[in-house]
Structure formats: structure tokens, C-alpha cells
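Going by our numbering, the sequence shown opens with residue 24, and the numbers climb by one from there.
Glycine included, C-beta positions come from ideal geometry on N, C-alpha and C.
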Amino acid sequence: MTLLDLAQNVTTFFEQIEPGVTAAVKVGTALGPVGSAGIKVIQKGKQFITYWIERQKPKPEPTPKRSGSSGLETVKDTTKIVTKQDVAILIDINRRMLVDVAQYLDEKQIDADLLIVTNDPAYSGQIKFLPVNQPEEWVEMVREFNGAMNAIKREVGKANLHLFLSTPLPLAFGIGSVWGTVDEATVYHWEAGTYHPVMPITRALRQ
24 MTLLDLAQNV
34 TTFFEQIEPG
44 VTAAVKVGTA
54 LGPVGSAGIK
64 VIQKGKQFIT
74 YWIERQKPKP
84 EPTPKRSGSS
94 GLETVKDTTK
104 IVTKQDVAIL
114 IDINRRMLVD
124 VAQYLDEKQI
134 DADLLIVTND
144 PAYSGQIKFL
154 PVNQPEEWVE
164 MVREFNGAMN
174 AIKREVGKAN
184 LHLFLSTPLP
194 LAFGIGSVWG
204 TVDEATVYHW
214 EAGTYHPVMP
224 ITRALRQ
């Protein structure tokens, strides 16, 4: 399965489940499976939820619980996920970019696991824009991103991080302030219908 195939399956998966189901899931919940892939919640706060998407199905406990009439099975999964050499982190707020990122990674032959950090648990096509008259919500999102990154780093270890952002500029600046230069990553820019690796984040930026 290519990353593009995976992304399209995941998009269809989120379209078919009830929004209330994703809103109610807890950290450690495995959603799916999606073909040969798995979706797991590794961080959840008031503003952000982080989904881990990988092509190896997570190992659930023997007895899953069926939720509502959606046909979705949610199971508690405490198995630590073994990551690939590369991990793509999608901070997805302004537009849904999962399919575009997956297509780009396939073209560049980067075999990566995918992480979606989003303010919409249902990951729907209805974008949830941030209220400009509530700056405290923006600040809270930056604080939650710090928590999300701590959760992500516990999972990915020493993997190469590829960072894709679809966020308002003030939020991107705040996220960059939290990230700092300690954790290395490559930040990508969208232009002319594709992504470009334009910003390597290293300690050398401070020299």
C-alpha cells in the first residue's frame, strides 16, 4: 500500500464515521482498522488531537467494544508503536493536506509514518477556523502543541521528522517558538502544486 492509498483510505474512514465518535475517543484508543493500517490517538487536549497513522495494524486487546450504530470499533491499545526511519507531522488546521503530503512523500520515495495534529477530531472537510476575538484560544493551542510534541517524541524516538504546516501565521510563529532548535526537523513549503523542503531546523540556526 502506498502512502497515497493509505491517505485516501483514511480520508474515507473519517468521512464515514460519526463525528461524535471521534470527539469521545481517549488517548490510547485505536480506531479502525483501515485496510492494513491503523489509526491511534496519542494525544488529546481541549484544542488539539493527534492521530498516528501507520500501515501496520496496532495490536488491540482481545475484546473490543463496539460503539453505537456506526460500525466503528474502538479498542484500548497500549502497544508501543515501532516507528519508521521517517515520520511526517501534519499540523492541519487551514486545509486538509493529508492526500497532498502522502502523494509528495511517495514521489520522493520517503517511507514515512504519518501524524496528524488537528483542531477537528472528526478531521472533516468543514474547516474550524480560529476566532480572532479570542486570542486566549490561540495561546492555548500553542501550549497544547507543546504537549502534543512531547507525546510524539515519546513515540518516534530518533526518527527523521518532516514538518508540514497548514496554519494561520501567528499560530505558526507560536508553534515555532515552542519547537525551538533542540529537535531537528525539515519544514516544508507548499508552492506550485507541491511541497518543497525549505527550512532545516537545527541548532545551527542560532549560530
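Can alanine 125 and leucine 27 be called in contact, C-beta distance under 8 Å? yes
Span separating the alpha-carbon of isoleucine 116 from that of glutamine 230: Isoleucine 116 and glutamine 230 have their alpha carbons spaced roughly 32 Å apart.
Inter-residue spacing [alpha-carbon to alpha-carbon] between valine 122 and threonine 35: 11 Å
Once you ignore the five residues that flank proline 223 on each side, which residues in its own chain have a CB closer than 7 Å to its CB? Thr209
Just how far apart, CA to CA, sit proline 144 and proline 42? 7 Å
So glycine 203 is in the beta strand (DSSP E); what residue range does that whole segment cover? No beta strand (DSSP E) holds glycine 203; DSSP gives it neither H nor E.
Which residues mark the beginning and the end of the beta strand (DSSP E) in which lysine 63 is found? 60-67
Under 8 Å between the Cβ atoms of isoleucine 72 and threonine 190? Contact flag unset, no.
Pull up the distance between the alpha-carbon of glutamate 130 and that of alanine 215, whole angstroms please. Rounded to whole angstroms, the gap between the alpha carbons of glutamate 130 and alanine 215 is 15 Å.
Range of the contiguous beta strand (DSSP E) that encloses methionine 222: 217-224
Other residues of its chain near glycine 68: CB distance less than 7 Å, five sequence neighbours each side excluded: Glu167 and Gly170
Could you have a look at leucine 235 and say whether DSSP puts it in helix, strand or coil? Beyond the ends of the chain as shown, which are 24 and 230, falls residue 235; an answer cannot be given.
Among Leu138, Ala174, Lys63 and Met164, nearest to isoleucine 198 - alpha-carbon criterion: Met164
According to the Cβ coordinates, are tyrosine 218 and tyrosine 127 closer than 8 Å? A contact, by the Cβ cut-off of 8 Å.
Which residues in the same chain as leucine 188 place their Cβ atom closer than 6 Å to its Cβ, once the five residues preceding and following it in sequence are excluded? Ile114 and Ala195
Span of the beta strand (DSSP E) holding threonine 35? Taken as a continuous stretch (DSSP letters only), threonine 35 belongs to no beta strand (DSSP E), being part of the alpha helix (DSSP H) at 26-39.
DSSP puts leucine 153 in a beta bridge; with which residues? Leucine 153 is bridged by DSSP to nothing; it lacks a bridge partner.
Can you give me the Cβ contacts of threonine 45 inside the same chain, cut-off strictly under 6 Å, excluding the 5 residues immediately before and after it? Pro144 and Ala145
Any idea if leucine 192 is buried or exposed, counting beta-carbon neighbours within 10 angstroms, 16 or more meaning buried? exposed
What does the alpha-carbon distance come out to for the pair isoleucine 62 and lysine 49? The alpha-carbon atoms of isoleucine 62 and lysine 49 are separated by roughly 13 Å.
Does alanine 53 come out as helix, strand or coil in the three-state DSSP assignment? strand
Excluding sequence positions up to five away, which residues of its chain have a Cβ less than 6 Å from the Cβ of leucine 137? The answer, listed in chain order, is Ile76 and Ala111.
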